[in-house]
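K.L.:
Protein chains in written order, with my numbering: chain A, 233 to 649; chain B, 1073 to 1427; chain C, 219 to 488; chain D, 1493 to 1681.
The structure that follows is given in the form of structure tokens.
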């Protein structure tokens, strides 16, 4: 292939090579560059082997070595131009770059951070003093509780204000290395989520009328992503019957500290009921006491504990031929004060799958904090899935009923003008 | 470590544009709230901050003597491979749900990015340093503590129920005419009148009757003196002897000045142009729309006195430089306060003073 | 002689305003109607000059001697009425497709289970009973027309109530699909199962009546026509810059020819 | 002849430069000139096309009378600068340069907020000090607030407007001729 003959030419000519479309296109990441701040790996590791034997992924520039790295599984980091520039860079840490205006700005931010740290200290002491007050000194239980809450909120805000102006925090967050246990990264993640993905979720839920049909209100506060097998399902996407035979995996990201116990319910409000000429509800999955926190976000519905969490196991959704598409809404509902629910009582009580989610929400005081949606319709894999799960309406097809016209009314010429 | 469950909504102090301020709903106490000491040690709180923060250590001066990007660029024998990724911010706003959103105006890659302020205008410094404090002390009216002003009658009068139809009827107009004037709050330290914006508007009648060159010259002249791209307006009404028909041709240019531009323009106006206008009394005392905006007109030859136009006066075709109306919008609520402010900034007034 | 001239606009007025007034031919009747009409309608509407001139009291009738420019025959034109308005009143039973309201512009808006046609006609999309109502939650001023499934149901529904929907479908046993013989044949012999494939029998090859009103082969058959005829195309080689240059030049020439052709066509036309 | 790029083409029509004449390769124009000199008498199609562009035998006044465009060159320049087609491409910083810009921007916003806050507090302090002084005068002066009442009435003092002499912008350096003590306000005529 022309490419390898060029590689055999003298090395100098090789340096002037043009891009090969395949490699550069592969890692076209927008702004996900490796920061120069990372001090270079210790020199010892590359000295004993010549460069082209163990090429450094953040410095390699010749396409041949890049392809070798790709075959070994590690992709070259950033664009080729950046790697070429980094080869002979002095790698000064970002905050020590001697640009005068930049350093003046850092001084202002440095002073502001010191001030914020002092404020955190004073606020912590006031919080301690407030909590050590007895109830009647603090002017009643409610007054004390509200003042403590306000102080804690302010303390959290001060922590965020301390780190919000830090370019390294911004770079880490944009590179995806934000550690969600820290309030600043949770805040940045929340803001990024609310800028776009949350609007799309709310639009899908309201336009497909999941909100008035399944639950009256839902203000999504946690970011939910759903995976069937390897593929991430967008809100409102059609899912093949074969893919949805196994329970989905959820990635629920909270933007506050601490841990929460949530109930996860997957409900289908579009089960066609031909006799009553209407639609029924069916709960495809119900699990309680599922612990989620800012750092541990992965929840695999198939791996939840049968004896203490899963009330109704996963029922693969199937749509009969000819029926309108089924909207399967996933709701993450927070349990009151995150107190665990009595699993045995629920397991005994909630046996039927036709109970609507509104009744469940009312009886167990659940508050919807997260939502997701996918749709199923008749496709060529539905028949086998119906046979596997023993769905009784397998060989039945739905056709539109004939609309009887209004009774004939004779035209009455006398009534014309 | 189940960190204390603290924050629910954090948006007050942060820039409002980035985070919508959400009312704090119910407080969610944590499962183990009771047993853990709520007021943890300072180190717990500080551990929640970013440990490797770049703002924690001042810069050692010795670090960057070797930093010389220009020499390094010259030393490179071969050119760097071409950068392939060119982000361009979208030209049109396709709504909030479009995946490709324009970056904020403060982002340098945004089309609306204006490089930062390069100068501190004299007018602004004068106002902040002396004029504001002087106006406050001049208009100071002492009210003893605990003094509440006497309740005024409601501005919209009630019907006198002389007829049964008066029930639920819309309230009558205020006393003396049906124009409700702005309420004037006493001038205190947080209510000192200041200049909000300046509008330069120029009506070019020959643009309708003759060709568009009149409008272009007016546009570039106003753009030169105001440092702001002008906006053109078409005629709305039809006036026979001016030869204009609604919507046919654009006959007026307008420039709105805010912030730095505004203060620079005011400084030029007060120091350079107005003193050099031949036998100019000042702004008429009756000018003002009783809501704190003062307007005055400039003849074409006075507009030519602006330094930007004077410096290349011969580049403008003769007799084509436009006259214009300059409106100074202030945050004052009455003409009296507006005139007080503008006279303090250097704009003379003459003739009968009408409030 | 002048009576028809006077009465012509009168008849137009009657027909335009209140279609329910029975217009009898007797002159006295129309005169009384004239007086009531002119009393009731004209003070409100600003009478256009031509109407007021012809409806002056009889003693000063003036013929249209000087026909002012443009208004000469404006009052003599009288288009047919378009029978707009409500076609189904509240509480009437309608089926999908029944027109409920004809209007110019959107005086009424489609509400529950109703839709609006291209000339703003509102028609029902579900069978049920018509309701005329206001929905402050949806819009503060707009008036809505909806269809509810049972008589006593009140619109607008409470906020965030689950939406009431009808299935309108019947369940029909599924027709057996003609199962073609699968093209995989499994034969068991001494060293395990041998699986080989056989040309599928039932693929209806040959031209059929296809969607798009065309009688043609299946797409996959057309696709393989080149392969059957043995035509091969040069494989695309991205690095062959000379071939790419020649193609670019040909494309530029073709474009120039097209441009000059268009030019010649235009000049030949003038 | 290769035509100009669209952006430059739009400039060309502002300057009435004939579109196709811009010689893409200088060698071609030299050749045309030699042919032009040699066959001065019978202008072939190529030279005719060149004639109207490169130099003209008709005089300037004749050209103006023969209906050429007579718009003022200055107006053309003004139109060019007003409707300049080549708007600058938005800035494109590298990651480090962007982060430095972002840091400077955040610091500048913070600094401005601090300045505004400082000014606000300063004005509040002045206002409160005036309030305490007046209150002290009103209650503590021992004459039952008589002096306070006298001091509060603002008759005659420039309550309506500042005198124009007050309104002087701050300057970098003091005036050259220093403070003129015996200056008198000129009598209005």
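Even for Gly, the Cβ is constructed at its ideal location relative to N, Cα and C.
Note the first and the last residue of the continuous beta strand (DSSP E) segment covering residue 1417 of chain B.
P.N.:
Taken as a continuous stretch (DSSP letters only), residue 1417 of chain B belongs to no beta strand (DSSP E), being part of the alpha helix (DSSP H) at 1407-1417.
K.L.:
Pick from D:1635, D:1632, D:1568 and D:1613: whose alpha carbon is nearest that of residue 1205 of chain B?
P.N.:
Comparing Cα positions, the closest option is D:1613.
K.L.:
For residue 600 of chain A, count neighbouring Cβ atoms within 10 angstroms of its own Cβ and tell me buried if that reaches 16, exposed if not.
P.N.:
With 16 or more Cβ atoms within 10 Å of its Cβ, residue 600 of chain A is classed as buried.
K.L.:
Look at the Cβ atom of residue 318 of chain C, then the Cβ atom of residue 333 of chain C, and state whether they are nearer than 8 Å.
P.N.:
No, Cβ-Cβ distance for residue 318 of chain C and residue 333 of chain C is not below 8 Å.
K.L.:
Let me see if you follow: with CB-CB separation under 8 Å, is residue 384 of chain C close to chain A or not?
P.N.:
Yes - at least one Cβ of chain A is within 8 Å of the one on residue 384 of chain C.
K.L.:
So, for residue 353 of chain C: in the same chain, excluding its five sequence neighbours on each side, which residues have a beta-carbon less than 7 Å away from its beta-carbon?
P.N.:
Excluding sequence neighbours, residue 353 of chain C sits near 329, 362 and 374.
K.L.:
Just to confirm, is the Cβ distance from residue 479 of chain A to residue 1152 of chain B under 8 Å?
P.N.:
It is not a contact, given that the beta carbons lie outside the stated cut-off.
K.L.:
8 Å is my cut-off, CB to CB: does residue 1161 of chain B come that close to chain A?
P.N.:
It does not; no Cβ of chain A falls within 8 Å.
K.L.:
Give me the residue from B:1389, B:1179 and B:1407 with the minimum Cα distance to residue 1359 of chain B.
P.N.:
Among B:1389, B:1179 and B:1407, the Cα nearest to that of residue 1359 of chain B is on B:1407.
K.L.:
Could you pull the start and end residues of the beta strand (DSSP E) that residue 1567 of chain D belongs to?
P.N.:
Careful: residue 1567 of chain D lies outside any beta strand (DSSP E), inside the alpha helix (DSSP H) at 1565-1574.
K.L.:
Quick check on residue 604 of chain A: does DSSP put it in helix, strand or coil?
P.N.:
In the structure shown, residue 604 of chain A sits in a strand (DSSP, three-state: E or B).
K.L.:
List the DSSP bridge partners of residue 464 of chain A.
P.N.:
Partner(s): A:459.
K.L.:
So, with DSSP's three-state summary, where would you put residue 1295 of chain B?
P.N.:
Helix at residue 1295 of chain B.
K.L.:
To the nearest angstrom, report how far apart residue 1410 of chain B and residue 1404 of chain B are at their CA atoms.
P.N.:
Looking at the two C-alpha atoms, the distance is approximately 5 Å.
K.L.:
Quick check on the burial criterion: 16 or more other C-beta atoms within 10 angstroms. Buried or exposed for residue 521 of chain A?
P.N.:
The residue is buried, with at least 16 neighbouring Cβ atoms inside 10 Å.
K.L.:
How close, in whole Å, do the beta carbons of residue 633 of chain A and residue 388 of chain C come, if the pair is a contact with beta carbons under 8 Å?
P.N.:
Yes, residue 633 of chain A and residue 388 of chain C are in contact; Cβ-Cβ is about 5 Å, under 8 Å.
K.L.:
Please list the partners that residue 399 of chain A has in chain D, where partner means a Cβ-to-Cβ separation under 7 Å.
P.N.:
The contacting residues are 1591, 1594 and 1595.
K.L.:
Mind checking if residue 1613 of chain D is an interface residue toward chain A, Cβ cutoff 8 Å exclusive?
P.N.:
Judged by the 8 Å Cβ criterion, residue 1613 of chain D is not in contact with chain A.
K.L.:
Applying the 10 Å Cβ sphere with the 16-neighbour rule, what's the burial state of residue 390 of chain C?
P.N.:
With fewer than 16 other Cβ atoms within 10 Å, it is exposed.
K.L.:
Which residues in chain B have a C-beta closer than 9 Å to the C-beta of residue 1627 of chain D? List them in chain order.
P.N.:
In chain order: 1214, 1216 and 1217.
K.L.:
Under 9 Å between beta-carbons, which chain A residues line up against residue 1158 of chain B? List them in chain order, please.
P.N.:
Those within 9 Å of residue 1158 of chain B in chain A number zero; the least Cβ separation is about 11 Å.
K.L.:
By Cβ distance, which residues of its chain are closer than 7 Å to residue 611 of chain A, with the 5 residues on each side in sequence left out?
P.N.:
Cβ within range, chain order: 472 and 473.
K.L.:
Under 8 Å between C-beta atoms, does residue 452 of chain C make it to chain A?
P.N.:
Residue 452 of chain C does not count as touching chain A.
K.L.:
Along chain B, in chain order, which residues have C-beta atoms closer than 7 Å to that of residue 1564 of chain D?
P.N.:
By Cβ distance, chain B contributes 1389.
K.L.:
Indicate, with yes or no, if the ligand MN has a heavy atom lying under 7 Å from the CB of residue 333 of chain A.
P.N.:
The model depicted lacks the ligand MN and carries no ligand whatsoever.
K.L.:
Using the C-alpha atoms, what's the distance from residue 321 of chain C back to residue 337 of chain C?
P.N.:
Answer to the nearest angstrom: the Cα atoms are 8 Å apart.
K.L.:
At which residues does the alpha helix (DSSP H) containing residue 1324 of chain B begin and terminate?
P.N.:
Segment 1322-1329 is the beta strand (DSSP E) holding residue 1324 of chain B; no alpha helix (DSSP H) there.
K.L.:
Which residues, in order along the stretch 325-336 of chain A, keep a beta-carbon less than 8 Å from a beta-carbon of chain D?
P.N.:
Listed in sequence order: 326, 329, 331, 333, 334 and 336.
K.L.:
From residue 1236 of chain B to residue 1224 of chain B, what does the alpha carbon distance come to, in whole angstroms?
P.N.:
Cα to Cα, the separation comes out at about 28 Å.
K.L.:
Taking Cβ positions, are residue 1181 of chain B and residue 1582 of chain D nearer each other than 8 Å?
P.N.:
The answer is yes: Cβ separation under 8 Å.
K.L.:
Is there a Cβ of chain B sitting closer than 8 Å to that of residue 275 of chain A, yes or no?
P.N.:
Residue confidence is low: residue 275 of chain A scores 43 on pLDDT, short of 50, so the model does not pin down where it sits. Its coordinate-derived value is still stated next. No, no contact with chain B.
K.L.:
To be precise: take each residue of the stretch 1340-1356 of chain B, compare its Cβ to all Cβ atoms of chain F, and keep it if any distance is under 9 Å. Which residues remain?
P.N.:
Checking the listed chains, one finds no chain F in this structure; the protein chains it contains are A, B, C and D.
K.L.:
Hey, does residue 1672 of chain D have any beta-carbon neighbour from chain A nearer than 8 Å?
P.N.:
With 8 Å as the cut-off, residue 1672 of chain D does not count as an interface residue toward chain A.
K.L.:
Any C-beta of chain A within less than 7 Å: which residues of the stretch 360-390 of chain C qualify?
P.N.:
Under the 7 Å Cβ criterion, the stretch 360-390 of chain C contributes 378, 379, 380, 381, 383, 384, 385, 386, 387, 388, 389 and 390.
K.L.:
Using CA atoms only, rank isn't needed, just tell me which of A:533, A:495, A:541 and A:487 is closest to residue 527 of chain A.
P.N.:
Looking at the Cα atoms, A:487 is the closest of the given residues.
K.L.:
Using a C-beta to C-beta distance shorter than 8 Å, which residues of chain A count as neighbours of residue 1173 of chain B?
P.N.:
Ordered by position in chain A, the residues that pass the 8 Å Cβ test against residue 1173 of chain B are 427 and 428.
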